[in-house]
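Colleague:
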Amino acid sequence: MTTTPVPEAQLPATGIHRPAYGHFIGGRWADGASDERITLLNPADNSVLATVPSGTAADVEQAIDAAQRAFPSWAATSPSQRQAVLYELAQRLRKRAADFALLDTLNHGPTITETSGFFVPLAIEQFELFSGAAWMHTGSTRVSGERLGLVHREPLGVCAQIIPWNAPLLMFAAKVAPALAAGNTVVVKPSEIASLSVLAFLDEVSDVLPPGTVNVVNGYGPAVGEPLVTDPRVRKVAFTGSRATARTLIGYAAANIIPQTMELGGKSANIVCADADLDAAAEGAAMCVVANKGEFCLAGSRVFVHDEVLDEFLDKFTGVLGRIKVGDPTDRATGLGPLASRAQLKKVTGYLELGQAEGARLVCGGTVATVDGFASGNFVEPTVFADVDNTMRIAQEEIFGPVSTVQRWTDEDDLIARANASEYGLAGGVWTSDLRRAHRIAGRLDTGTVYINQYYNFMENMPIGGYKQSGFGREFSHEVLEHYTQTKAVIVNLREGPLGMFG
Ligand code: NAD
-6 MTTTPVPEAQ
4 LPATGIHRPA
14 YGHFIGGRWA
24 DGASDERITL
34 LNPADNSVLA
44 TVPSGTAADV
54 EQAIDAAQRA
64 FPSWAATSPS
74 QRQAVLYELA
84 QRLRKRAADF
94 ALLDTLNHGP
104 TITETSGFFV
114 PLAIEQFELF
124 SGAAWMHTGS
134 TRVSGERLGL
144 VHREPLGVCA
154 QIIPWNAPLL
164 MFAAKVAPAL
174 AAGNTVVVKP
184 SEIASLSVLA
194 FLDEVSDVLP
204 PGTVNVVNGY
214 GPAVGEPLVT
224 DPRVRKVAFT
234 GSRATARTLI
244 GYAAANIIPQ
254 TMELGGKSAN
264 IVCADADLDA
274 AAEGAAMCVV
284 ANKGEFCLAG
294 SRVFVHDEVL
304 DEFLDKFTGV
314 LGRIKVGDPT
324 DRATGLGPLA
334 SRAQLKKVTG
344 YLELGQAEGA
354 RLVCGGTVAT
364 VDGFASGNFV
374 EPTVFADVDN
384 TMRIAQEEIF
394 GPVSTVQRWT
404 DEDDLIARAN
414 ASEYGLAGGV
424 WTSDLRRAHR
434 IAGRLDTGTV
444 YINQYYNFME
454 NMPIGGYKQS
464 GFGREFSHEV
474 LEHYTQTKAV
484 IVNLREGPLG
494 MFG
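For the sequence shown, position 223 matches number 216 in the numbering used here, and the numbering has no gaps at all.
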């Protein structure tokens, strides 16, 4: 396998990231066709971390050229060759795990405890999982009389992958690893808000990736996304992000009728039964508020609490939140970092006002947080609204911030009806000591994931994906290989001679 080293002049001088990046095309850094640059900010103080070029259709064209050139030889590699590359990506990530954790913390605000203990380990796991999965990418055989059927799984070609800002490196790993394992090449468009960890990782692994297998074009959604997804050489689009963007992308994908996977938002029900361990449930609900600042697609942000235990639960819930320190995300004592952007801060504070205007009862938080030494940061107090009606906008819309809504329930059928009365269907949680009840409720929830007695109970090789408007397709598990391959049926006649149909 040949590799192209990154030119010396473009390597980082000091520190763990460079002040400026290009696009990564054909194994090299490229400046891009436009002089316009985008600044990547640190949301803790809104200082500039680095700049990236604002991608254009011309940059996309070059990236697709590179991916297209790389495809035949990458598709022809053996499973062991693909495994070697993917495993080395995992090793490089592991070797500098602390650096990459810090980069995600700096660029979009999750605490260092979260990035080093959760996001980066999960990203490593994706490369490890799919290094093994390169061997599992097998077809099947069928026999019927004198016919032998061979079902092959073949790679698709060049895949477009568009990822959001709320977990850049993990999203990158979860998209790129299975695509490469299945023999595809990719053009990735990271978010214009947060991509520092992805770009620094490419510096780290540029000698590992065969040129053109992984290409990255920075920039704004429509400017990069439309030429990328509508190019006839692109054979698939995989997207993680909002519903609004998904609708646009599905339109682009219609141009050449290419397959799509859409990992979208959520407004997940987190159900506390009267027989639940309330300390555990309160801790789990608090995690849903603060984990990744609530900017977590899976967050259980609609909490349904049985009437009998509501007051006790609310005391415990607000008690846990009251102990969480809001502040500098690089400090290990911090439990809640800044929202990823000013735009996100504006959106979330708008919902804080809306909740009160809609008549919900503010139990805690409800305002921006002031943090010593970080006056310009995007901090919000962890917020809980009680006495929420499921039809309120704060109960229906994805706030994507540290905000929880609490509803009361008594009757299980009514509970299920309300829990399912959402356009989303990504995840759900159930807290009870009765396993029959847990399975019954889990079975009745219209969601792609249900966590029983621990929210965010991530388990290796378990599929993540949505029902309803939370999208379609599954990632994070071997099922995703189905989305990155197409089936070819080859049928062999084992009988000799002509059929004798025409005398
Ligand atoms: P977004 O839809 O605004 O942006 C996501 C990506 O799409 C970005 O790279 C953006 O530049 C790009 N984009 C925007 N317009 C585009 C266009 N016209 N063509 C092509 N690309 C375009 O979403 P976001 O605000 O970055 O992310 C937050 C959303 O992502 C939330 O809804 C969240 O729930 C969802 N999310 C879902 C999952 C999941 O696995 N289900 C995981 C993480 C985030």
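For every residue, glycine included, the Cβ atom is placed at its ideal position computed from N, Cα and C. Given the structure is predicted, the values throughout are model-derived calculations rather than measurements.
Would you kindly work out how many angstroms separate the C-alpha atoms of C152 and V169, rounded to a whole number?
Modeller: If you take the alpha carbons of C152 and V169, they lie about 9 Å apart.
Colleague: Measuring CA to CA, which of Y213, P65 and V198 is closest to T32?
Modeller: Checking every option, the nearest Cα to that of T32 belongs to Y213.
Colleague: Could you round the C-beta distance between D92 and I155 to whole angstroms and report it? I think they count as a contact, below 8 Å.
Modeller: About 25 Å; that fails the 8 Å criterion.
Colleague: I'd like the list of long-range same chain contacts for A216, defined as Cβ closer than 8 Å, with 5 residues on each side in sequence excluded.
Modeller: Excluding sequence neighbours, A216 sits near S47, G48, T49 and A50.
Colleague: Indicate, with yes or no, if the ligand COA has a heavy atom lying under 8 Å from the CB of C152.
Modeller: The ligand COA is not part of the structure shown, which contains the ligand NAD as its ligands.
Colleague: Sort out for me which residues DSSP pairs M500 with in a bridge.
Modeller: Residue 500 falls outside the range modelled here, since the chain spans only -6 to 496, and no answer is possible.
Colleague: I'd like to know whether the C-beta atoms of E121 and V201 end up nearer to each other than 9 Å.
Modeller: Contact: no.
Colleague: Looking at C290 and the ligand NAD, is the gap between the Cβ and the nearest heavy atom below 8 Å?
Modeller: Checking the Cβ of C290 against the ligand NAD gives yes.
Colleague: Using a Cβ-Cβ cutoff of less than 7 Å, which residues in the same chain neighbour T(-3) once the five nearest sequence positions on both sides are dropped?
Modeller: With a pLDDT of 37 at T(-3), under the threshold of 50, the predicted position of this residue should be treated as unreliable, and no value is reported.
Colleague: Which full runs of the alpha helix (DSSP H) of 4+ residues lie inside the segment 371 to 429, going along the chain?
Modeller: With a minimum length of 4 residues, the continuous alpha helix (DSSP H) runs that stay inside the segment 371 to 429 are 386 to 389 and 405 to 413.
Colleague: Taking 9 Å as the cut-off, decide whether the C-beta atoms of G436 and A262 are in contact.
Modeller: Going by C-beta atoms, G436 is not nearer than 9 Å to A262.
Colleague: Give me the residue from K260, T223 and I264 with the minimum Cα distance to G244.
Modeller: The residue with the shortest Cα to Cα distance from G244 is T223.
Colleague: Here's the rule I'm using: 16 or more other beta-carbon atoms within 10 Å means buried, otherwise exposed. How should V485 be labelled?
Modeller: Label assigned to V485: exposed.
Colleague: Taking 8 Å as the cut-off, does the CB of N378 come closer than this to any heavy atom belonging to the ligand NAD?
Modeller: In the sequence under discussion, the amino acid at residue 378 is Phe, which differs from the Asn named in the question. Checking the Cβ of F378 against the ligand NAD gives no.
Colleague: Report the start-end ranges of each alpha helix (DSSP H) in the segment 287 to 320 that is 4 residues or longer and not cut off at the edges.
Modeller: Here the runs fully enclosed are 303 to 315.
Colleague: Given the structure, does M164 come close to the ligand NAD, in the sense that its CB is under 8 Å from one of the ligand's heavy atoms?
Modeller: Under cutoff, so the answer is yes.
Colleague: Using a threshold of 9 Å, state whether the C-beta atoms of T106 and R325 are closer than that.
Modeller: Their beta carbons are under 9 Å apart, which means T106 touches R325 by this criterion.
Colleague: By alpha-carbon positions, which one of E305, A68 and T442 ends up nearest to L419?
Modeller: When each option's Cα is compared against that of L419, the closest is T442.
Colleague: Taking the alpha carbon of A231 as the point to measure from, which residue in V198, G277, V181 and E54 has its own alpha carbon closest?
Modeller: The shortest Cα separation from A231 among V198, G277, V181 and E54 belongs to V181.
Colleague: In the structure shown, what three-state DSSP assignment does G214 receive?
Modeller: G214: helix per DSSP, three-state reduction.
Colleague: With 16 as the cutoff for other CB atoms within 10 Å, does R140 come out buried or exposed?
Modeller: Burial call: exposed.
Colleague: Hey, quick one: how far does the beta strand (DSSP E) through C357 stretch, first residue to last?
Modeller: Element bounds for C357: R354 to C357.
Colleague: Is V217 near the ligand NAD, judged by its Cβ being under 8 Å from some heavy atom?
Modeller: Yes; taking the cut-off as 8 Å, the Cβ of V217 has a heavy atom of the ligand NAD nearer than that.
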